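Every letter in the sequence shown is one number past the one before it in numbering that gives the first Met the number 0, and letter 514, counting from 1, is 513. Accompanying notes for the structure given below.
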Amino acid sequence: MKTDTAQAVYLKDYCAPDYLISTVHLDVKLAPAATHVTSTLTIQPNGNIGKNYRPLILDGEEIKLDSLCLNGEVLGSDDYIVDENSLIIATVPQEEFTVEIKTTCNPAANTALSGLYRSSKTYCTQCEAEGFRRITYFPDRPDVLAVFTVRIEGSTVETPVLLSNGNPVESGKLNANRHFAIWHDPHPKPSYLFALVAGNLGVVSDHFTTQSGGDIELKIFVEPGNEDRCDYAMGALKRSMKWDEERFAREYDLDIFMIVAVSDFNMGAMENKGLNIFNDKFILARPDTATDADYANIESIIAHEYFHNWTGNRITCRDWFQLCLKEGLTVFRDQEFSADMRSRTVERIADVKRLRAQQFPEDAGPLAHPVQPESYIEINNFYTATVYEKGAELVRMLLTLLGPDTFRKAMDLYFLRHDGEAATVEDFIRVMEDAGGIDLTQFRIWYQQAGTPELTVNGRYDRHRRTYTLAVSQHCAPSPGQLRKHPYHIPLRIGLVDKCGEDMKLELDGKPAGDDLVLNIREHEHRFCFTNVAHRPYASILRSFSAPVKLTTNATRSDLLFLMQHDSDLFNRWECAQTYATRLLTDATVSGELNEVKSAVFGQALGKLFDDETLEPAFIAQMLTLPGESDLAREMINNVDPSAIYRSRLGLRKNIAANLKENFRHILKTVRLSGAYSPDAIDAGKRSLRNSALGFLAVLEDTSTLDLLKQQYMNADNMTDVMAVLSILTQTDLPLRDELLDDFYSRWKHDHLVVDKWLMLNALAPFEATVGHVAGLMNHPAFSLKNLNKVRALIGTFASANPVAFNHPSGAGYDLVSDTILKLDKINPQVAARLTGVFKSWRALESGRRDKSQLALQRLVDSENLSRDTLEIAVKSLD
Ligand code: BES
Ligand code: ZN
């Protein structure tokens, strides 16, 4: 295997650093092609090294060493070794010493967007995970924490704004149109949290007063002209700061908090201390340019990065095997924040959908790995749905096991015990054990074993004994490198619903057990006997999705229909609708025929929801959303034919539309929005229900609906309603589709974020001809391989959200994507590797497509000079 040449890193090999760094002084003289960096480090041997003398090894990549001093003495070329990845000084003092390193880097040539690079004319940095070594030589690992002082010097014309972490100390003018600024961050931090931004940026300012009365300056920096799109982000930031104080007693700890939005960024956003850097699509929003979904994303990503200040920055990770310690925990925190800001149920549904769409396939395929992996080749490939989304679910299960009050005490203890440290997952679990007074030995398996456990729950009512018995069993299929699995500790939340739709008072083996119970599943098999049960109950299993498992129950179709109407757990009402539709659609896909009767019954059950005034519109909209094509493909397990799945799903949509068309028309007449656009959850929910109704009506393709679509497009005062029309039309080949898409492009071609939406719409058309169309768009002036947001919008969307076209039976979709990966790999390996992940479920396809996608992957592996990043994903995918 080709990856044999690339060295894997193992958790078991972790060693504490030989040398620690107490202070870093960076002096950065900015110039596009040759930025000069002087780094002065105060270094101490870590503990008593004694006789086992060790050299000083610093990481460095793509930088040129200009000079090197130790304790003020210039070192000659015999005193050190420089190679492609490091700088080694063989002999250093065994007490505190200083090193001064002068290097040069080339931000203008940095298309990998790791280290110091330029986005438009702005200089900015991305150092996580291992980008700091592309700026200067340094022990670039998260367990070396230092206090940074940074002096930046640049042109007053090109870079009037000069930013780094911490608080501003000094700034001033220099000769020849140059100026400088000095920043000091008093909190010791690892190098991956370093950031520098310099450019001609507009700013929006505000203030936040902390619980203890501190006044914090808030600033959002954007390209000049975009200042009018920052209000929502600023509000979201203030809500995040307040929420972390109220929910977790966490206050902010510097005088200033800054966010910078740039248009070239490998990821969504980054939590650099006091200076978060964002992909601008997650900051900029105005009603006419951003959708409700964009607003919700902005709110949650701002929160996520802000929350890292405590879970990630103050308590950081000892090494990258601990990544879920900060990412899983912080995703959990941002999910809780969004649940509090919006609707808890709708948030939970969205989170579970994301987990299933992104993490379940990862866990079921060749790239499966534990939440805490044991080895990696390229760390950037391990910022995965497993580490993030499943990692968050593990924290949520701890909350369930401890209960809210104890969980909060445990979090307090975590912050108290580990503040200022580079901690481990083990530290976190031990805190949970100590504060919770429970033994989590078995729970740790969740962090170590890959794969999604399958839970089977069968209920049986015994009329004579008046008992209801639940037989529960768990199983986890083998995953790469892990053939036999130990049983998990699974918190299983359940309730039994009576025939009036009320939760029964539960009695387990004769003892009262409340009405909403968490069962501890620890064995392969369990049997729970509920006593004194007056009649056959409806079992509500895995309430609020209390564990990240695949559930199979013996619920009948009529049980599902009943619970869809009556379960007190709203998440499970949604889940029952999904299960019903999934059974219907997988049957239809296999048989080629949709069962009209069962479809009509399902439609009627959905129709009844419209009469329930206690339900939020956003929730009803979720109930109306059928499982996606990829969700269905996952259920079919193998021999997947994406076109057949598409046809049956469209068939059910048509059936529901025909049966409920009066209800949908009624929704459009009665669910009304008044006043100016607001992105709040209530209004957004109303819009999503209206647009869902419109989408159903549109599959009937009658002229009155076409008029409605056109009217909405013309009259809308917000992007949500415009995009809804275009998304609906994208699913059709009506002439109106091209007419409005063309109009949309000509209206918005000057706006890069809206152009991304146009590219996405084009990529989503569920027709075989879309492959050629997308290939053509790669030559359109709106597209550029050099702008990652464009690549993600067109090619990323095509490959991950358009199963019909991507899986074109000829293999043309696979070839288009692999050609793009090869080109992109030369520009930006991290993003190319991420795109390669779209092939992860190729083995589940029917044989024709399977062979063709395998060939496309093989072509990647066989190509010359593929990056380590992309090679790792491609090789593992083929294994
Ligand atoms: N620390 C990450 C950003 C990051 C990811 C840096 C990968 C280097 C490599 C940041 O906190 C993050 O998780 N960002 C997410 C968005 C978040 C809301 C889940 C992202 O960028 O996708
Ligand atoms: Zn994060």
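Just so it is clear, CB atoms sit at the ideal spot from N, CA and C, and this is done for glycine as well. Fair warning: this is a prediction, and the values are worked out from it, not measured in the lab.
- T315: CB within 7 Å of a non-hydrogen atom of the ligand ZN: Annotation for T315 indicates a beta carbon at 7 Å or more from all heavy atoms of the ligand ZN.
- Per-residue DSSP class, three states only, for E506: strand
- Task: Please list, in chain order, all residues of the same chain as L760 whose beta carbon is under 6 Å from its beta carbon, the five residues on each side excluded.
- Result: L725, T729
- Task: For E169, I'd like the list of residues in its chain whose CB is within less than 7 Å of its CB, leaving aside the five on either flank, ordered along the chain.
- Result: Counting only Cβ-Cβ distances below 7 Å, and skipping sequence neighbours, we find I181.
- State whether the stretch 412–422 contacts the stretch 438–454, with contact taken as three or more CB pairs (one from each stretch) at a distance under 8 Å. no
- Query: What distance in whole Å lies between the Cβ atoms of D291 and T719, which are believed to be in contact at a cut-off of 8 Å?
  - Reply: Confirmed, Cβ separation roughly 5 Å.
- Query: Should the stretch 466–474 be regarded as contacting the stretch 520–529, the criterion being three or more beta carbon pairs within less than 8 Å?
  - Reply: Yes, the stretch 466–474 is in contact with the stretch 520–529.
- CB-CB under 8 Å to D878, same chain, minus the five flanking residues each way: which ones, in chain order? P365, P479
- Task: Can you say whether R117 is buried or exposed, counting buried as having 16 or more other CB atoms within 10 angstroms of its CB?
- Result: Around the beta-carbon of R117, 16 or more other beta-carbon atoms lie within 10 Å, marking it buried.
- Residues near K1 by beta carbon distance below 7 Å, same chain, minus five either side: Caution is warranted here: a pLDDT of 46 is assigned to K1, below 50, making its placement in the model unreliable, and no coordinate value can be reported.
- Bridge-paired residues (DSSP) for W182: V149, P167
- Residues of its chain near Y13, where Cβ-Cβ distance is below 6 Å and the 5 sequence neighbours each way are ignored: Within its own chain, the residues whose Cβ lies closer than 6 Å to the Cβ of Y13, once the five positions on either side in sequence are excluded, are D318, listed in chain order.
- Delimiting residues of the alpha helix (DSSP H) encompassing P159: Unbroken run through P159: none, as it is neither H nor E.
- Could you check what DSSP says for P734 in three-state terms: helix, strand or coil? P734 falls in the helix class under three-state DSSP.
- Task: Look at the alpha carbon of D77 and the alpha carbon of L57, and state the distance between them as a whole number of angstroms.
- Result: 17 Å
- Just how far apart, CA to CA, sit L560 and P616? Each residue's Cα considered, the two are about 20 Å apart.
- Message: Just verifying my parser: in three-state terms, what is the DSSP assignment at Y813?
- Response: In the structure shown, Y813 sits in a helix (DSSP, three-state: H, G or I).
- Message: Determine whether the beta carbon atoms of A197 and I151 lie at a separation below 8 Å.
- Response: yes
- Is P678 buried or exposed, if buried means 16 or more other CB atoms sit within 10 Å of its CB? buried
- Message: Can you confirm whether the stretch 400–411 touches the stretch 426–443 when touching is taken to mean that 3 or more C-beta pairs between the two stretches lie within less than 8 Å?
- Response: yes
- 8 Å Cβ cutoff met for F220 and V202: yes
- Message: Quick check: is any heavy atom of the ligand ZN less than 7 Å from the C-beta of E767?
- Response: With a cut-off of 7 Å, the C-beta of E767 is classified as distant from the ligand ZN, since no heavy atom of the ligand falls inside that distance.
- Query: Taking three-plus beta-carbon pairs below 8 Å as touching, is the stretch 152–161 in contact with the stretch 21–32?
  - Reply: yes
- Item | Closest residue to A804 among R285, P641, G627 (Cα-Cα distance) | Closest by alpha carbon: P641.
- Message: Please return the same chain residues whose Cβ sits closer than 6 Å to the Cβ of Y813, not counting the five positions on each side in sequence.
- Response: K851, S852, A855
- For T581 versus E453, is the C-beta distance shorter than 8 Å? no
- Task: Indicate the three-state DSSP secondary structure (helix, strand or coil) for H665 in the structure shown.
- Result: In the structure shown, H665 sits in a helix (DSSP, three-state: H, G or I).
- Query: Considering N571, what are the terminal residues of the alpha helix (DSSP H) in which it resides?
  - Reply: 569–590
- Message: Ignoring anything shorter than 3 residues, give me the beta strand (DSSP E) runs that lie fully in the stretch 35–61, in order along the chain.
- Response: 55–58
- Message: If distances are taken between C-alpha atoms only, which option among V496, I297, Y79 comes closest to I87?
- Response: Y79
- Message: Using a Cβ distance threshold of 8 Å, determine whether the stretch 782–799 contacts the stretch 743–762, with at least three qualifying pairs required.
- Response: Three or more beta-carbon pairs drawn from the stretch 782–799 and the stretch 743–762 are found closer than 8 Å, and the two stretches are therefore classed as touching.
- Should S163 and V149 be called a contact, given that it needs their Cβ atoms to be closer than 8 Å? yes
- Item | Segment contact, 8 Å Cβ cut-off, at least three pairs: the stretch 773–785 with the stretch 603–610 | no
- Query: Can you name the start and end residues of the beta strand (DSSP E) that S239 belongs to?
  - Reply: First-last for S239: 230–247, but that is the alpha helix (DSSP H), not the beta strand (DSSP E).
- Task: Please work out which residues of its chain come closer than 7 Å, Cβ to Cβ, to R416, disregarding the five sequence neighbours upstream and downstream, and give them in chain order.
- Result: V430
- Message: How far does the alpha helix (DSSP H) with T702 in it extend, from its first residue to its last?
- Response: T702 -> alpha helix (DSSP H) spans 702–714.
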